[in-house]
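Novice: According to the numbering used here, the residues represented by the sequence shown are 14 to 332, in order. Backbone N, C-alpha and C define an ideal beta-carbon position, used for all residues, glycine too. Quick caveat: nothing in here was measured; it's all calculated off a predicted structure.
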Amino acid sequence: MQQLQEDISLTIKIMQLLGWTINFKKSVLTPTQCLEFLGITWDTKLNAKSLSEKKCLALRNALQQQLLKLKWSLKQYQILMGRLNFATYVTRRGLLHCRTLQYFSRQLSKDHPYRQVSIPLPVQSEMEWWLQAVGQSVPIHTNVALTHLLTTDASDIGWGAQLGDISIGGTWTKRQLTWQANRKEMFAVRAAISHEQKLLQNSQVLLQTDNRTVVSYINKEGGRKQVQKASRANSTTTFTSRQIQYTPSGPVLSRQIQCRSGRLITPKELPRVAPNNSGDIQNISNVGHAGDKPICIEYCSQRVLSPVALQTSVFIPTT
14 MQQLQEDISL TIKIMQLLGW TINFKKSVLT PTQCLEFLGI TWDTKLNAKS LSEKKCLALR
74 NALQQQLLKL KWSLKQYQIL MGRLNFATYV TRRGLLHCRT LQYFSRQLSK DHPYRQVSIP
134 LPVQSEMEWW LQAVGQSVPI HTNVALTHLL TTDASDIGWG AQLGDISIGG TWTKRQLTWQ
194 ANRKEMFAVR AAISHEQKLL QNSQVLLQTD NRTVVSYINK EGGRKQVQKA SRANSTTTFT
254 SRQIQYTPSG PVLSRQIQCR SGRLITPKEL PRVAPNNSGD IQNISNVGHA GDKPICIEYC
314 SQRVLSPVAL QTSVFIPTT
């Protein structure tokens with residue numbers, strides 16, 4: 014503590030010598046492991062960051078008022094969304110739970126921003142989720158080593174995946190054959206994880222895919238262009254919160270995977286993936302095209318309690 018105080022005094026002297034004017038009223042001159050800065054509470058002792066008490070109270074009040082009235086306007090949505098966007102920085106799956114509000118906000122009149130309309134039930138559900146989530150914390154730093162490399166791909170006839178030396182694959186049902194290509198790619202990711210859930214318990218997985226939409230939907234925690242996609246992303250939240258946590262993998266590059274058209278993806282065709290050294294960042298970074306982005310799936314847990322969802326979910330670090 015004495016050394017820290019001396020360092021603070023030295024820093025102040027140097028800044029004043031250089032001509033800086035220090036605002037002592039706003040400065041914290043006592044060494045601490047817990048500090049509130051710009052609405053975020055940083056606790057280095059617990060390695061956690063969260064909304065400040067003032068921000069939590071303001072967000073709770075805003076949500077409770079909307080749920081009490083069950084009506085909103087474009088202006089009220091914009092104010093509430095501003096608060097929620099800030100909270101997503103320190104809230105698990107926060108961005109995902111903003112997607113429904115963003116989608117239904119399209120129904121609000123831009124010509125009459127103060128016109129009150131009923132809040133849709135899906136939006137009410139998300140507001141209630143936020144009431145429970147306000148005050149959560151997320152880690153400041155995550156230091157979990159990669160343990161597995163999972164590569165997935167899908168064609169018009171079936172899907173396949175490679176997890177280390179394990180080949181996984183399947184064919185589409187009649188209903189699944191009608192799906193759009195991106196939906197099939199997303200299903201391939203979820204199906205592969207579900208198939209090897211026991212192996213992937215409490216592990217961090219680097220996911221390689223040639224589909225940019227899958228990468229985008231995971232890293233951006235869903236989308237808002239179509240209500241069907243928003244619904245599938247929402248249904249995936251249960252799977253994500255109980256079974257899988259997602260976190261970004263940094264500068265590691267993904268590999269382009271080419272799928273032979275007109276042929277079924279079988280395990281024999283699957284070993285076209287990157288190195289067998291699963292989790293070896295150095296090797297993985299030497300593969301593929303710089304335009305692609307990777308995804309990391311962190312901490313797959315014990316059991317999948319629900320059927321495999323049709324939509325992959327979010328990028329979320331675990332505690």
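Any contact between the region 159 to 179 and the region 189 to 204? By contact I mean 3 or more CB pairs, one from each, below 8 angstroms.
Specialist: The region 159 to 179 vs the region 189 to 204: in contact.
Novice: What does the alpha-carbon distance come out to for the pair I308 and Q221?
Specialist: Translated into the one-based positions of the sequence shown, residue 308 becomes position 295. Translated into the one-based positions of the sequence shown, residue 221 becomes position 208. At I308, the pLDDT of 44 sits below 50, so the modelled position is not reliable; the number obtained from the coordinates is stated separately. Taking the straight line from one Cα to the other gives about 7 angstroms.
Novice: Return the CA-CA distance between T104 and A146, expressed in angstroms with no decimal places.
Specialist: Here residue 104 refers to the residue found at position 91 of the sequence shown. Here residue 146 refers to the residue found at position 133 of the sequence shown. Those two C-alpha atoms are separated by around 7 angstroms.
Novice: Which of the three DSSP states is assigned to S207 in this structure?
Specialist: The residue you call residue 207 lines up with position 194 of the sequence shown. S207 falls in the helix class under three-state DSSP.
Novice: Put W143 into one of helix, strand or coil per three-state DSSP.
Specialist: Residue mapping note: residue 143 aligns to position 130 of the sequence shown, counting from 1. Looking at W143 - three-state DSSP - the assignment turns out to be helix.
Novice: Got a sec, what are the start and stop residues for the beta strand (DSSP E) A174 sits in?
Specialist: Numbered from 1 along the sequence shown, position 161 holds the residue referred to as residue 174. Start and end: 171 to 176.
Novice: Out of Y102, W143, Y90, N98, which has the shortest C-alpha to C-alpha gap to F117?
Specialist: As a first step, residue 117 must be located in the sequence shown, where it is residue number 104. Comparing Cα positions, the closest option is Y90.
Novice: Tell me which same chain residues have a C-beta within less than 6 angstroms of the C-beta of V286, skipping the five on either side of it?
Specialist: Within the sequence shown, numbered from 1, the residue matching residue 286 stands at position 273. Residue placement at V286 is poorly supported in this model, since its pLDDT is 40, which falls under 50; the coordinates still yield a value, given next. For V286, where only same-chain residues beyond five positions count, the Cβ hits under 6 angstroms are T164, Q175.
Novice: Quick one: measure Cβ to Cβ for S86 and P126, integer angstroms, because I've assumed they're closer than 8 angstroms.
Specialist: Numbered from its first residue, the sequence shown carries residue 86 at position 73. Numbered from its first residue, the sequence shown carries residue 126 at position 113. Correct: roughly 6 angstroms between the Cβ atoms.
Novice: Could you tell me which of L59, Q15, E139 sits nearest to C111, measuring between CA atoms?
Specialist: What you label residue 111 is simply residue 98 of the sequence shown in a count that begins at 1. The residue with the shortest Cα to Cα distance from C111 is E139.
Novice: For L121 and S22, what's the separation of their Cα atoms in angstroms?
Specialist: Looking up residue 121 in the sequence shown gives position 108. Looking up residue 22 in the sequence shown gives position 9. Answer to the nearest angstrom: the Cα atoms are 55 angstroms apart.
Novice: Please return the same chain residues whose Cβ sits closer than 7 angstroms to the Cβ of G275, not counting the five positions on each side in sequence.
Specialist: Walking along the sequence shown from the start, residue 275 turns up at place 262. Below a pLDDT of 50, predicted positions are generally treated as unreliable, and G275, at 34, falls in that range; no measurement from the model is reported.
Novice: Measuring straight from C-alpha to C-alpha, what distance separates L108 and S229?
Specialist: Against the sequence shown, residue 108 aligns to sequence position 95. Against the sequence shown, residue 229 aligns to sequence position 216. So the two alpha carbons sit approximately 13 angstroms from each other.
Novice: Considering Cα atoms alone, identify which of R73, T226, Q46 is closest to A61.
Specialist: On the sequence shown, residue 61 is found 48 positions in, with the first residue counted as 1. Nearest of R73, T226, Q46 to A61, Cα basis: Q46.
Novice: Mark G32 as exposed unless 16 or more other C-beta atoms lie within 10 angstroms of its C-beta, in which case mark it buried.
Specialist: Position 19 of the sequence shown, counting from 1, holds the residue named residue 32. Exposed, since its Cβ has fewer than 16 Cβ neighbours within 10 Å.
Novice: Under a Cβ-count criterion, where at least 16 other Cβ atoms within 10 Å of its own Cβ denotes burial, should A158 be classed as buried or exposed?
Specialist: One-based indexing of the sequence shown puts residue 158 at position 145. By the neighbour-count rule (16 or more Cβ atoms within 10 Å), A158 is not buried but exposed.
Novice: Taking just the CA atoms, how far does K38 sit from I25?
Specialist: For the purposes of this step, residue 25 is taken as the residue at position 12 of the sequence shown. For the purposes of this step, residue 38 is taken as the residue at position 25 of the sequence shown. Rounded to whole angstroms, I25 to K38 spans 14 angstroms at the Cα level.
Novice: If you count every other CB in all the chains shown that lies within 10 Å of the CB of I27, and 16 or more means buried, which is it?
Specialist: Locating residue 27 in the sequence shown gives position 14, where the first residue counts as 1. Exposed, since its Cβ has fewer than 16 Cβ neighbours within 10 Å.
Novice: Counting only runs that start and end within the region 38 to 68, where is the alpha helix (DSSP H) found for 4 or more residues in a row?
Specialist: List check, alpha helix (DSSP H) in window: nothing returned.
Novice: Which same chain residues end up closer than 6 angstroms to T226 when comparing Cβ atoms and leaving out the 5 residues on each side of it in sequence?
Specialist: Position 213 of the sequence shown, counted from the first residue, corresponds to residue 226. Answer for T226: N195, listed in chain order.
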